[in-house]
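A quick write-up on the structure given underneath.
Number of protein chains: 2
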Amino acid sequence: MNIGQAAEASGVSAKMIRYYESIGLIPKTVRTEAGYRVYSDNDVATLGFIRRARDLGFSVEQIAELVALWRDRDRASTDVKRIALEHVEVLERKARELQEMAATLKHLAKHCHGDTRPECPIIEGLQTGGGTGSIDLHSSSQFGAVGLRSAHRDTAPKRVRS
Amino acid sequence: MNIGQAAEASGVSAKMIRYYESIGLIPKTVRTEAGYRVYSDNDVATLGFIRRARDLGFSVEQIAELVALWRDRDRASTDVKRIALEHVEVLERKARELQEMAATLKHLAKHCHGDTRPECPIIEGLQTGGGTGSIDLHSSSQFGAVGLRSAHRDTAPKRVRS
DNA sequence: CTTGACCTTGCCATCATTGGAAGGATTACA
DNA sequence: TGTAATCCTTCCAATGATGGCAAGGTCAAG
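These protein sequence lines map, in sequence, to chains A and B.
The first sequence begins at 1 in our numbering and counts up one residue at a time.
The second sequence begins at 163 in our numbering and counts up one residue at a time.
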């Protein structure tokens, strides 16, 4: 199986397959005389595993852990559980953060007249950092970028950046 | 005021101030004879505005819009409201996605023995893409990376990538 | 044999941000 | 005044995951 078929079968783009190989997430494949990468059904299964983990928001680093656990069937499922639960915590925390941000913005927008008058608490809130009363626009999160990836791009390659 | 003081006062790093200038988010500043950038209190206020917008998860592109609206007080608040509400939608959608991912993982982890036995539905779920019954691990989101930024890094510069 | 579809590598771009290096400017202190 | 420490400058590189393009090799069908 060539990389194109493997990509289609696994849902991971050929580009990403090469990338995963380059960073060592998957081992180097056998090549034909011409230099074409050859994939087995087993490889496709691994790629599918990776894609599903990716769709669940795992970082490549975590996926590497999970793939290692998956390959080594003798490893305890404790490790897998631990990784998953750690990930759940992060996901929930980030979801909470996003909701708080949305709530803050909604609150500000609610008091924005929306007509042609230039009074708008959104702007004022941003300006003063607390002009709307109890809302703490400074409330800082200690978390970095949310590790969400776009899922299999069956649809469009558009990068919905807000 | 030099860039260092402006950075401290605004909460935006000197590095980022230069970056924002380079991409045109803020105008080029006056320089001293030696080439040092000079900032006024007004500039610091603008930077603070930018930081707070950034903390609310606005992309630089959106911040540019907001800053323009902020500067031009004659503009209708309708625009601000629209931008904010669009942003709210995206945030809520992304929060929902994260929660769904967390729920799926939690469900899988719940049935993971967590002892030394290698049976673990997390692994199996990832492997088969649906081994746990009704859970659709293929459920794809059509959304790209979440545009969350780390907030003012008072604490540590660590990038909590899960 | 040609055409078109596929593969290869390699480089560039994204986005926001950090880091570092090399060198000039200013400030503080002995 | 000399010097060291601290600031500032610009430029370059890296991050993570992905897309895109280009130049060139390969393969299968017509």
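Backbone N, C-alpha and C fix where the C-beta goes; we use that ideal spot for every residue, glycine too.
Secondary structure at A:Val-12, three-state DSSP: helix, strand or coil?
Judged by DSSP in its simplified three-state form, A:Val-12 adopts coil rather than helix or strand.
Output the distance between the C-alpha atoms of B:Gly-166 and B:Ile-185, rounded to the nearest integer angstrom.
19 Å
Candidates B:Arg-258, B:Leu-270 and B:Ile-179: which alpha carbon is nearest B:Ala-222's?
The identity of residue 222 of chain B in the sequence shown is Val, whereas the question assumes Ala. When only C-alpha atoms are compared, the closest one is B:Ile-179.
Using 8 Å as the threshold, is the C-beta distance between A:Leu-66 and B:Ala-264 below it?
No, the pair does not count as a contact, with Cβ atoms beyond the cut-off.
Check the Cβ-Cβ distances between A:Leu-25 and every residue of chain B, and say whether any is below 8 Å.
no
Which word fits A:Arg-37, buried or exposed, when buried means at least 16 other C-beta atoms lie within 10 angstroms of its C-beta?
Counting Cβ neighbours within 10 Å, A:Arg-37 comes out buried, since at least 16 surround it.
Inter-residue Cα distance where the pair is B:Ile-225 and A:Val-44
43 Å
For A:Leu-56 versus B:Leu-267, is the C-beta spacing smaller than 8 Å?
yes
Cutoff 7 Å; reference B:Arg-244; Cβ partners in own chain excluding five residues on either side
No residues qualify anywhere along the chain.
One question on the structure: do B:Ala-168 and B:Leu-209 come within less than 8 Å of each other, judged by their Cβ atoms?
yes
Quick one: what's got a C-beta closer than 6 Å to B:Ala-171's C-beta in the same chain, skipping five residues either side?
Val-206
Span separating the alpha-carbon of B:Glu-248 from that of A:Phe-58:
27 Å
Are A:Lys-94 and B:Leu-260 touching if we call contact CB-CB under 8 Å?
yes
Of all the CB atoms in chain B, is at least one closer than 8 Å to the CB of A:Leu-47?
no
Exposed or buried, B:Asp-192, counting other C-beta atoms within 10 Å across all chains shown (16 or more means buried)?
The sequence as given places Val at residue 192 of chain B; Asp does not occur at that position. It is exposed - the Cβ of B:Val-192 has fewer than 16 other Cβ atoms within 10 Å.
Pick from A:Ala-84, A:Ile-50 and A:Ser-40: whose alpha carbon is nearest that of A:Thr-32?
A:Ser-40
Bounding residues of the alpha helix (DSSP H) (the contiguous stretch that carries B:Gly-210):
203 to 217
What does B:Lys-268 touch in chain A if you count any residue whose Cβ is under 7 Å from its own?
Val-88
Between A:Tyr-165 and B:Asn-164, what straight-line distance do the alpha-carbon atoms span, to the nearest angstrom?
Here chain A covers residues 1 to 162 and nothing more, so residue 165 of chain A does not appear.
Span separating the alpha-carbon of B:Ala-215 from that of B:Ala-246:
10 Å
Please compile the residues from chain A whose C-beta is within a distance smaller than 7 Å of the C-beta of B:Met-325.
Since the first and last residues shown for chain B are 163 and 324, residue 325 of chain B lies out of range.
Leaving aside the five residues before and after B:Ser-175 along the sequence, list all residues of the same chain whose C-beta is less than 7 Å from its C-beta, in chain order.
Ala-169
Would you list the residues sitting across from B:Val-192 in a DSSP beta bridge?
B:Val-200
Distance check for B:Thr-240 and B:Phe-211, CA to CA, integer angstroms please.
19 Å
Using the Cβ count rule (16 or more neighbours within 10 Å means buried), how would you classify A:Gly-35?
exposed
Against chain A, does B:Ala-230 count as a neighbour if the rule is that its beta carbon must be under 8 Å from one of theirs?
no
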